[in-house]
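> The structure is given below, and queries will be raised subsequently.
There are 2 protein chains.
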Amino acid sequence: MPKEMAKRELVMNKIKTIFARFGYDSIETPIICPAETILGKYGEEGDKLTYSFDDNGGRRIALPYDLTVPFARLVAANWQDLPMPFKRYQIQRVWRAEKPQKGRLREFYQCDIDIIGSKSLLCEAELAKVIMTVFKELGFKQFKIKVNSRRLLNDVLTKFGVGEKAVEVIRIIDKLKKIEEAAVIDMLEELGLNSPKELIETLVQERLGDFDLSEINQFFEYCEKLGVDQKYLEFDPCLARGLDYYTGISFEVYSDEAPFGALCAGGRYDDLCGLFCKEDFSGVGVAFGFERLMLAMEEMGQFKEMQSNSKVLVTIFDKDSIDNSLKIYSSLLEAGINSELYFQPEKLAKQFKYADKKGVPFVIVCGPEEIARGEVALKLMKSGKQKNIPTNQLISYLSSYYEN
Amino acid sequence: MPKEMAKRELVMNKIKTIFARFGYDSIETPIICPAETILGKYGEEGDKLTYSFDDNGGRRIALPYDLTVPFARLVAANWQDLPMPFKRYQIQRVWRAEKPQKGRLREFYQCDIDIIGSKSLLCEAELAKVIMTVFKELGFKQFKIKVNSRRLLNDVLTKFGVGEKAVEVIRIIDKLKKIEEAAVIDMLEELGLNSPKELIETLVQERLGDFDLSEINQFFEYCEKLGVDQKYLEFDPCLARGLDYYTGISFEVYSDEAPFGALCAGGRYDDLCGLFCKEDFSGVGVAFGFERLMLAMEEMGQFKEMQSNSKVLVTIFDKDSIDNSLKIYSSLLEAGINSELYFQPEKLAKQFKYADKKGVPFVIVCGPEEIARGEVALKLMKSGKQKNIPTNQLISYLSSYYEN
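Which chain is which? The protein sequence lines are A and B, in order.
Going by our numbering, the first residue of the first sequence is number 117, and it counts up by one from there.
Going by our numbering, the first residue of the second sequence is number 117, and it counts up by one from there.
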């Protein structure tokens with residue numbers, strides 16, 4: 117619906133402007149993909165949630181489950197033509213055949229940015245700055261970029277002899293967000309870990325003196341140099357989601373203003389395109405949860421001052437005044453003032469109601485009396501005030517109104 | 117790919133800005149639709165060209181074949197909340213399972229605008245003005261908005277006793293664009309028409325004195341009042357495509373600069389939502405062929421001066437100068453100057469090559485000598501010229517460069 121779209125486009129344009137400010141380029145990928153390129157990437161669970169079907173030519177087709185796989189395909193096919201490092205953003209719909217819930221739909225927008233082709237930690241720091249800028253400029257005040265390092269977590273797990281069970285252990289550690297420490301420890305014990313209590317305490321209490329913290333320290337130092345306000349950053353050794361995919365620094369962003377899960381998540385990965393080509397592209401990227409951002413901003417009241425596209429409605433008083441209204445409308449358009457014409461000479465009340473419903477702030481009335489005096493009557497819808505303005509001063513009046 | 121996307125976004129943003137200037141609102145509709153709402157609208161041919169499939173829940177799903185049907189569904193479900201008349205635009209992908217050819221793809225963007233809920237001919241005139249504005253502002257010089265009236269064509273067909281065969285006759289008349297008059301006459305004769313020669317001559321030679329031309333004349337008069345330059349308008353009584361759907365004025369736009377068919381087409385229709393609700397919404401709308409517009413503009417050389425998102429690349433001279441480069445990059449970002457950082461201290465030649473490949477116009481170099489002098493070396497990539505600028509004057513230099 118138009119009012120919803122206006123909000124969505126406002127947010128999208130803000131985000132795009134920020135990405136462009138940091139030199140990220142936009143790409144788009146096809147929605148119809150050969151199923152074999154999508155399926156199998158996310159295991160059985162992922163396959164079940166992917167929309168796939170046969171097309172008329174008998175080819176198996178799938179709709180993208182996320183933007184990472186289509187991006188990997190594009191890079192694999194075109195890397196020789198891309199500048200490296202390659203910084204891209206991509207805002208497109210993806211599909212998941214799951215039960216819809218709050219902030220989670222079957223068809224929704226994802227909003228990804230990635231830097232590939234550089235292993236420098238400056239990439240991670242830049243992403244932290246991009247994240248901070250996006251959240252600040254969207255009006256968030258209370259948000260935290262939680263940061264962890266897969267390498268560090270690996271070291272800790274190794275010390276506690278976790279070995280082959282790392283993926284399962286990481287999945288359990290991730291539950292610390294939601295359930296009690298004691299329950300997590302029990303689950304790890306059940307899995308057969310020797311000292312689950314010590315492992316969890318090491319992470320929770322950040323007893324990390326024995327471990328190599330150079331990566332995480334260097335990241336925080338670069339962030340500071342790049343002007344990432346430290347109050348938005350938080351080192352969290354328990355951050356574990358997606359850590360079977362990520363290989364270095366990882367991020368999750370939470371806000372008290374949006375108490376329904378991470379608003380943004382990502383990290384450093386190796387080998388983006390391994391499934392599609394032999395080249396080895398390491399990268400770092402995050403995905404913004406666009407639908408959740410919209411929900412959060414709605415709850416924060418960020419859309420209260422939304423305005424309609426058109427600033428002026430030119431009414432038609434009666435049949436004889438059509439020509440005059442057309443002339444006024446035409447002159448507004450030539451002056452680049454967003455405006456519209458009511459298409460019929462109907463009761464003014466009905467024309468005003470249209471302006472009101474659409475949220476058009478100014479209405480111009482021009483009947484035989486106004487025409488005779490070379491004037492228009494200009495009504496400000498918000499205050500209900502009306503003033504007469506010489507027709508030849510209308511443009512400059514409205515232009516100055518919108519410049520100030 | 118980024119360079120292609122930059123062009124597409126430039127054109128989309130121009131078009132959106134024009135639509136907004138005329139007070140049209142943006143809407144978007146889902147891509148996953150119940151098949152029964154899509155199939156059957158365009159006959160067997162249409163069904164064959166529609167992507168449809170079963171989802172995991174056994175529901176038959178179809179991807180939109182055009183934007184009209186999803187729009188009709190949205191209006192049918194929400195008309196009580198919409199301002200009426202309702203002016204919307206919609207730019208989205210649609211899918212057709214057909215053999216791709218030049219300017220015709222399986223997955224492509226459509227770009228529709230419609231006014232519904234008003235029968236005033238002022239709507240048609242406004243659309244003509246929107247069309248003119250779009251083509252002019254996209255850089256087209258040679259284009260014609262061809263206009264016909266279904267009512268008039270009906271009158272002519274009735275006079276020649278066409279009766280029930282109207283749809284077939286209209287389809288044959290449409291071939292006048294491509295094949296010779298004599299061949300068209302033969303085809304009409306084969307169909308059993310009594311005086312096909314006279315019918316075609318009446319249309320081609322515009323022998324329309326006996327017919328009611330009030331609709332078409334009123335349209336041209338409104339266009340003139342609205343400032344639609346008459347040189348772009350052309351009355352064409354033979355214009356027939358889609359006239360079994362349209363009920364009043366219809367449009368097709370051609371340009372000598374794009375000799376591959378209509379770039380835009382549409383017209384007045386009755387009863388948009390008949391399939392979905394009882395309300396009767398008459399409307400008028402046109403669809404711009406986005407992919408064809410892009411092709412035409414490419415051939416016209418409209419994209420020669422495309423610039424990259426980032427205006428400045430901050431290089432890193434060596435490990436010791438990282439902090440200084442970060443500071444400069446950070447200050448550019450704070451000043452809102454689109455810029456980026458090279459993430460590693462590598463050979464300058466490689467960093468310059470990156471800027472060149474991406475089309476970044478300025479490169480900043482700042483090694484130990486420049487740092488010592490409190491300067492940066494600024495290279496203009498286009499001319500190859502380089503100048504030293506005090507670091508504290510860099511922002512104002514670059515800002516003034518982009519303001520002028």
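C-beta: ideal position from N, C-alpha, C; glycine also.
State buried or exposed for A/K427, treating a residue as buried only when at least 16 other CB atoms are found within 10 Å of its CB.
buried
> Judging by CA-CA distance, which residue of A/V369, A/L237 and A/L307 is the nearest neighbour of A/T363?
A/L237
> So, at 7 Å on beta carbons, what are the nonlocal neighbours of A/S424 in its own chain, with the 5 sequence-adjacent residues on each side left out?
K474, G475 and V476
> Does the distance from the CB of B/L514 to the CB of A/L342 come in under 8 Å?
Between B/L514 and A/L342, the CB-CB gap reaches or exceeds 8 Å.
> Just to confirm the assignment, what range does the alpha helix (DSSP H) spanning A/C339 have?
S330 to K341
> What residues in its chain sit with their C-beta under 7 Å from that of B/N310, if we drop five residues either side in the sequence?
G277
> Rounded to whole angstroms, what's the CA-CA distance from A/E297 to A/Q321? Just pull it up for me.
12 Å
> Using a Cβ-Cβ cut-off of 8 Å, state whether A/P180 counts as contacting chain B.
no
> Which residues does DSSP list as the beta-bridge partners of B/Y225?
Per DSSP, B/R209.
> Starting from A/Y445, follow the alpha helix (DSSP H) in both directions and report where the run begins and ends.
Membership of A/Y445 in the alpha helix (DSSP H) is indicated by the continuous run I438 to E450.
> Since B/Q460 and A/S234 are thought to touch, with beta carbons under 8 Å apart, how far apart are those beta carbons, to the nearest angstrom?
6 Å
> State the Cα-Cα distance for the pair A/R212 and A/L254, rounded to the nearest angstrom.
27 Å
> Using a Cβ-Cβ cut-off of less than 8 Å, give me the residues of the region 363 to 389 of chain A that come near chain B, in sequence order.
none
> Using a Cβ cut-off of 9 Å, which residues of the region 136 to 155 of chain A contact any Cβ in chain B, in chain order?
A136, R137, F138, G139, Y140, D141, S142, I143, E144, P146, I147 and I148
> Take every Cβ of the region 477 to 484 of chain A, pair it with every Cβ of the region 427 to 440 of chain A, and state whether three or more of those distances are shorter than 8 Å.
Yes: at least three Cβ pairs fall under 8 Å.
> Enumerate in chain order the residues of its own chain whose CB-to-CB distance from A/E240 is below 6 Å, with the five nearest sequence positions on each side excluded.
F335, I365 and V400
> Establish whether the CB of B/S236 and some CB of chain A are separated by less than 8 Å.
yes
> Please list the partners that B/F419 has in chain A, where partner means a Cβ-to-Cβ separation under 8 Å.
What B/F419 touches in chain A: nothing, since even the nearest Cβ is about 15 Å away.
> Mind pulling the chain B residues with CB within less than 7 Å of A/D171?
Correct list: Y167 and A213.
> With a threshold of 8 Å between beta carbons, is A/A192 in contact with chain B?
No, A/A192 does not count as interfacial toward chain B.
> Could you give the C-beta distance for B/F256 and B/I232, rounded to a whole number, given that I count them as a contact under 8 Å?
About 27 Å separates the two Cβ atoms, so there is no contact after all.
> Does A/N520 come out as helix, strand or coil in the three-state DSSP assignment?
Annotation note: pLDDT 47 at A/N520 (below 50); position unreliable, no value reported.
> Would B/T166 and B/L155 be called neighbours here (beta carbons separated by less than 8 Å)?
yes
> Taking its Cβ as the centre, do 16 or more other Cβ atoms sit within 10 Å of A/N520, making it buried, or is it exposed?
Since pLDDT at A/N520 reaches only 47, below the 50 mark, its modelled position is unreliable, and the value read off the structure follows with that caveat. It counts as exposed.
> Below 7 Å between beta carbons is the criterion; list the residues of the region 457 to 469 of chain A that meet it against any residue of chain B, in chain order.
L457, F459 and Q460
> Considering only DSSP beta bridges, list what B/R176 is partnered with.
Note: B/R176 sits in a beta bridge opposite B/D170.
> Who are the near neighbours of B/K281 in its chain, counting only those whose CB is closer than 7 Å to its CB and skipping five residues on each side?
For B/K281, where only same-chain residues beyond five positions count, the Cβ hits under 7 Å are L307.
> Applying the criterion that 16 or more other CB atoms from any shown protein chain within 10 Å of the CB defines a buried residue, is A/M422 buried or exposed?
exposed
> When burial is assigned at 16 or more other CB atoms within 10 Å of the CB, is A/S541 buried or exposed?
There is simply no residue 541 of chain A to check, as chain A begins at 117 and stops at 520 in what is shown.
> Measuring only the C-alpha atoms, how far is A/D171 from A/G162?
21 Å
> Per the contact definition of three or more C-beta pairs closer than 8 Å, is the region 190 to 205 of chain B in contact with the region 135 to 153 of chain B?
Touching, yes.
> Assign A/Q502 to one of three DSSP states: helix, strand, or coil.
strand
> Taking A/I487 as part of the beta strand (DSSP E), name the residues at either end of that continuous run.
Here A/I487 belongs to no beta strand (DSSP E); instead the alpha helix (DSSP H) covers P484 to R489.
> So, does the CB of B/D434 fall closer than 8 Å to a CB anywhere in chain A?
no
> Compute the beta-carbon to beta-carbon distance between A/D290 and A/A356, rounded to the nearest angstrom, for a pair I have assumed lies under 8 Å.
4 Å
> Could you tell me whether the Cβ atoms of B/D228 and B/A412 are closer together than 8 Å?
no
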